[in-house]
Amino acid sequence: MIATERLLLREPEGKDRPALVELFTSPEVGTYIGGPRPRQEFERSLPEDNRRPGLFAVDLHGALIGIVTLDRLEPVSKSCVRVAGEEATLGYLFLPEAWGCGYATEACTAVLNWFTTALPGESVSLSTQTANSASIRLATKLGFTEVERYEAYGAEQWRGRWSPTRRPA
Ligand SMILES: CC(C)(COP(=O)(O)OP(=O)(O)OC[C@H]1O[C@@H](n2cnc3c(N)ncnc32)[C@H](O)[C@@H]1OP(=O)(O)O)[C@@H](O)C(=O)NCCC(=O)NCCS
Numbered sequence: 015m016i017a018t019e020r021l022l023l024r025e026p027e028g029k030d031r032p033a034l035v036e037l038f039t040s041p042e043v044g045t046y047i048g049g050p051r052p053r054q055e056f057e058r059s060l061p062e063d064n065r066r067p068g069l070f071a072v073d074l075h076g077a078l079i080g081i082v083t084l085d086r087l088e089p090v091s092k093s094c095v096r097v098a099g100e101e102a103t104l105g106y107l108f109l110p111e112a113w114g115c116g117y118a119t120e121a122c123t124a125v126l127n128w129f130t131t132a133l134p135g136e137s138v139s140l141s142t143q144t145a146n147s148a149s150i151r152l153a154t155k156l157g158f159t160e161v162e163r164y165e166a167y168g169a170e171q172w173r174g175r176w177s178p179t180r181r182p183a
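Counting from 1 along the sequence shown, just add 14 to a position and that's the residue number in the working numbering.
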């Protein structure tokens, strides 16, 4: 569990289910990540226990407003030379009503601080559609710098890398 000035980062709980469904089925949230998931199908596929390593539920006053993830994923582009499992990848999804308040910045900063304490010296990768300006703005604020742009899923993608030595002041 990680506490920040305004937020609590914790494991997902049963009470988060409606907010998680909302998050993954929201057309606004899905705009640059392949579209919203069909609600009924998603509800059926959502496990009762959503806990897994690297998944942080972002809690504001007891309610889930988003998630931050740290995964080690397969590379999606041929130009992405990273070997699967070699580098952690940051992801973030927040409910639209929580946008524009700095919550994503606050939560991701805390996760990256936690990561660098847990695995000192390791870098983190992040991929997002180039058109997703809010996401690139957030990544840049967090200290990610562009590594490459590539085509995947029918759109141009931006890949950035964060390294603990390159963190913003
Ligand atoms: C990407 C996403 C998380 C960004 O959320 P966001 O709310 O815009 O991000 P931030 O936390 O950076 O907050 C943005 C604004 O809050 C404002 N803000 C208000 N109060 C603030 C505070 N106390 N502290 C910091 N910023 C504050 C800032 O002005 C900031 O705007 P700026 O970047 O122009 O300076 C959000 O758009 C989202 O969930 N999108 C859908 C999912 C998605 O596409 N994810 C990316 C997949 S790779």
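Glycine residues also receive a C-beta, built at the ideal position from the N, C-alpha and C atoms. These figures come from a predicted structure and were not determined experimentally.
Among the options, the one whose alpha carbon lies nearest that of residue i
i, options, result
"GLU19", "GLU55, ARG31 and THR123", "THR123"
"GLY174", "ARG163, TYR167 and PHE108", "ARG163"
"ALA102", "SER137, ILE81 and ARG65", "SER137"
"ARG86", "PRO134, GLY105, PRO52 and LEU78", "GLY105"
"TRP68", "GLY168, LEU109, GLU25 and LEU156", "A small correction: the amino acid at residue 68 is Gly; Trp does not occupy that position in the sequence shown. Nearest C-alpha to GLY68: GLU25."
"SER177", "PRO134, ILE81 and PRO50", "PRO134"
"GLY114", "LEU152, GLU57, LEU21 and GLY49", "LEU152"
Proximity test, residue i beta-carbon vs ligand 1 heavy atom, cut-off 6 angstroms
i, result
"GLY114", "yes"
"ARG175", "no"
"TYR164", "no"
"PHE108", "yes"
"ALA132", "no"
"THR142", "yes"
"ALA118", "yes"
"SER149", "yes"
"TYR46", "yes"
"LEU186", "Because the chain spans 15 through 183 in this model, residue 186 falls outside it and cannot be assessed."
"VAL43", "yes"
Buried/exposed call for residue i, threshold 16 Cβ in 10 Å
i, result
"LEU34", "buried"
"ALA145", "exposed"
"THR159", "exposed"
"GLN54", "exposed"
"VAL97", "Below a pLDDT of 50, predicted positions are generally treated as unreliable, and VAL97, at 48, falls in that range; no measurement from the model is reported."
"LEU156", "buried"
"LEU60", "exposed"
Identified DSSP bridge partners for residue i
i, result
"VAL161", "For VAL161, which the question treats as bridged, DSSP gives no partner whatsoever."
"GLN171", "GLN143 and TYR164"
| request: Starting from the N-terminal side, write out each stretch of the beta strand (DSSP E) that is 3 residues or longer and does not extend beyond the segment 80-147. | output: Taking 3 residues as the shortest admissible run, the segment 80-147 contains the following complete beta strand (DSSP E) segments, listed from N- to C-terminal end: 102-108 and 138-143.
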